[in-house]
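Only one structure is covered here, and it is reproduced in the block below.
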Amino acid sequence: DTGVSQNPRHKITKRGQNVTFRCDPISEHNRLYWYRQTLGQGPEFLTYFQNEAQLEKSRLLSDRFSAERPKGSFSTLEIQRTEQGDSAMYLCASSFPAGLNTGELFFGEGSRLTVL
Amino acid sequence: AQKVTQAQTEISVVEKEDVTLDCVYETRDTTYYLFWYKQPPSGELVFLIRRNSFDEQNEISGRYSWNFQKSTSSFNFTITASQVVDSAVYFCALSIIQGAQKLVFGQGTRLTINP
Numbered sequence: 478d479t480g481v482s483q484n485p486r487h488k489i490t491k492r493g494q495n496v497t498f499r500c501d502p503i504s505e506h507n508r509l510y511w512y513r514q515t516l517g518q519g520p521e522f523l524t525y526f527q528n529e530a531q532l533e534k535s536r537l538l539s540d541r542f543s544a545e546r547p548k549g550s551f552s553t554l555e556i557q558r559t560e561q562g563d564s565a566m567y568l569c570a571s572s573f574p575a576g577l578n579t580g581e582l583f584f585g586e587g588s589r590l591t592v593l
Numbered sequence: 101a102q103k104v105t106q107a108q109t110e111i112s113v114v115e116k117e118d119v120t121l122d123c124v125y126e127t128r129d130t131t132y133y134l135f136w137y138k139q140p141p142s143g144e145l146v147f148l149i150r151r152n153s154f155d156e157q158n159e160i161s162g163r164y165s166w167n168f169q170k171s172t173s174s175f176n177f178t179i180t181a182s183q184v185v186d187s188a189v190y191f192c193a194l195s196i197i198q199g200a201q202k203l204v205f206g207q208g209t210r211l212t213i214n215p
């Protein structure tokens with residue numbers, strides 16, 4: 478499978494615990510994005526990487542959230558001291574480099590977080 | 101700032117009917133992309149189409165067609181002869197062309213095709 482891969486697909490945790498999600502993008506893509514989708518809503522942009530550099534962060538990304546892409550390949554999204562309001566689907570997407578970029582994002586199946 | 105509005109929260113039709121999903125957008129940028137994505141129950145967003153703001157030509161792909169009208173800031177999506185497999189949530193989205201492709205999504209329209 479050469480698509481965007483996300484793990485785990487589902488995570489149930491208690492309030493106050495830390496959780497980490499992993500995203501493996503399509504190998505030729507140097508751009509990686511994290512989005513959050515709550516029930517009944519469209520996805521909302523969280524952050525964006527070009528290679529290993531985190532170039533943009535949304536105001537939605539509080540200081541309890543941290544994303545990394547250490548070698549410009551896979552990425553992790555960590556949420557510390559989870560709150561019930563963090564319950565959502567966390568979507569990862571990747572895209573081609575600038576110049577080859579058609580504007581299309583390729584999405585993974587998401588990681589669903591439930592905070593009890 | 102950009103905004104995408106999908107006024108239809110849910111649509112339910114009988115198989116083989118035609119159905120149109122509405123999308124209205126707002127942006128001050130003169131160059132932008134418009135998208136439609138499909139989200140089946142599995143959760144993965146599936147790309148359907150991208151339209152450049154310079155290109156107002158309508159497009160047809162099989163049973164799918166898209167009507168882009170800059171004058172009304174609309175990018176509507178029509179499914180002809182709908183099938184049960186078309187049941188999903190459909191999202192319209194916009195991104196500016198420069199820089200990161202940050203998509204701004206509408207709220208989505210849940211389409212149910214009944215047999």
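Protein chains in written order, with the working numbering: chain H, 478 to 593; chain W, 101 to 215. Glycine included, each C-beta is placed from N, C-alpha and C at the ideal position.
Check, Outcome
"Using the C-alpha atoms, what's the distance from I503(H) back to T479(H)?", "6 Å"
"Do L145(W) and the ligand COA come close, with the Cβ less than 7 Å from some heavy atom?", "Within the structure as shown, the ligand COA is missing, as the structure has no ligands at all."
"Is the segment 511-526 of chain H touching the segment 553-569 of chain H in the sense that three or more CB pairs, one from each, lie closer than 8 Å?", "yes"
"Could you tell me which of R150(W), V104(W), F205(W), E110(W) sits nearest to K188(W), measuring between CA atoms?", "According to the sequence provided, residue 188(W) is Ala. The question's Lys does not apply to it. When only C-alpha atoms are compared, the closest one is E110(W)."
"Once you ignore the five residues that flank D186(W) on each side, which residues in its own chain have a CB closer than 6 Å to its CB?", "I179, I213"
"Taking the beta carbon of T591(H) as the centre, do at least 16 other beta carbons fall within 10 Å, making it buried, or is it exposed?", "exposed"
"Can you list, in chain order, the stretches of the alpha helix (DSSP H) that have 4 or more residues and sit fully within the segment 128-180 of chain W?", "none"
"With DSSP as the reference, label V481(H) as helix, strand or coil.", "coil"
"Can the beta-carbon of V104(W) be found closer than 8 Å to that of A193(W)?", "yes"
"List the residues of chain W that G519(H) touches, going by C-beta distances under 7 Å, in chain order.", "F191, F205, G206, Q207, G208"
"Given a cut-off of 8 Å on the beta-carbon distance, is the pair Q531(H) and T524(H) in contact?", "yes"
"Assess, as a yes-or-no matter, whether the segment 140-147 of chain W is touched by the segment 113-130 of chain W under the definition of 3 or more beta carbon pairs within less than 8 Å.", "no"
"Going along the chain, which residues of its own chain have a beta-carbon closer than 6 Å to the beta-carbon of G493(H), five neighbours each way excluded?", "R558"
"So, at 6 Å on beta carbons, what are the nonlocal neighbours of E529(H) in its own chain, with the 5 sequence-adjacent residues on each side left out?", "R546, G549"
"If the criterion is Cβ atoms closer than 8 Å, does the pair D501(H) and F551(H) meet it?", "yes"
"Tell me, which residues are paired with T591(H) by DSSP?", "I489(H)"
"Compute the beta-carbon to beta-carbon distance between F498(H) and S588(H), rounded to the nearest angstrom, for a pair I have assumed lies under 8 Å.", "4 Å"
"Given a cut-off of 8 Å, decide if Q139(W) and F191(W) are closer than it, judged by their beta-carbon atoms.", "yes"
"Which chain W residues are close to S552(H), counting only those with a beta carbon under 7 Å from its beta carbon?", "Neighbours of S552(H) on chain W: none; closest Cβ ~14 Å, over 7 Å."
"Who are the near neighbours of F168(W) in its chain, counting only those whose CB is closer than 6 Å to its CB and skipping five residues on each side?", "R151, E156, F175"
"Considering R499(H), what are the terminal residues of the beta strand (DSSP E) in which it resides?", "496-501"
"For T130(W), I'd like the list of residues in its chain whose CB is within less than 8 Å of its CB, leaving aside the five on either flank, ordered along the chain.", "S153"
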